[in-house]
Amino acid sequence: MSQNDRITWSLLLLRIGVFIVMFMWTLDKFVQPDHAGAVFEGFYGLGGLDATAFYVIGALELVLVLAFVTGSFKRISYGLVLVFHAISTLSSWQQYLAPFDHLLFFAAWPMLAACIALYLLRDLDTRWATGLGSGSKLTA
């Protein structure tokens, strides 16, 4: 396997891994809008949103994560996924003060590193990427 193949497979796997988490967070807004409301209020200080608001947020987020997983509009989709995950990671700062009570929150840091790597290496992330927004075509 060539170095380029190893890089493109690695970036694809990172993209799919980040997508899985982001997709589940997106589905949460549709399946459990009350839970999404509690998260928005508890971590972002945004209370009082109703289920309709989370359906709209979820729909917009779904468009974003689908663009991300397909490698479309990379500068925008990878950038927004990075920004949203960074906000999510940093807004959980209180959880890090009691690390052994909130170990799962520490999984956000390697995912943030993956988001940063994907953004920085987005031009090399070509395996199974549509190329929409970049002028290139789908590559295997």
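At the far end of the sequence shown sits residue 1372, using our numbering, and the numbering has no gaps. Every residue, glycine too, gets a C-beta built ideally from N, C-alpha and C. Just so you know, these numbers come straight off a predicted model, no measurement behind them.
F1338, buried or exposed, once every other Cβ within 10 Å from all chains shown has been counted against 16: It counts as exposed.
N-terminal and C-terminal residue of the alpha helix (DSSP H) that L1322 is part of: Taken as a continuous stretch (DSSP letters only), the alpha helix (DSSP H) holding L1322 covers 1306 to 1323.
Expected contact under 8 angstroms - CB spacing of F1275 and S1324 to nearest Å: Taking C-beta atoms under 8 angstroms as the contact rule, F1275 and S1324 qualify, at a distance of about 6 angstroms.
Proximity to G1280 [Cα-Cα], best of E1293, L1314, P1265: Comparing alpha-carbon positions, the option among E1293, L1314, P1265 lying closest to G1280 turns out to be P1265.
Minimum C-alpha distance to A1299 - residue among A1285, R1247, L1344, H1267: With distances taken between Cα atoms, A1299 lies closest to R1247.
Pair within 8 angstroms by beta-carbon distance, F1305 and L1353: The answer is no: Cβ separation not under 8 angstroms.
CA-to-CA distance, Y1310 to Y1351, given in whole angstroms: Y1351 and Y1310 have their C-alpha atoms roughly 6 angstroms apart.
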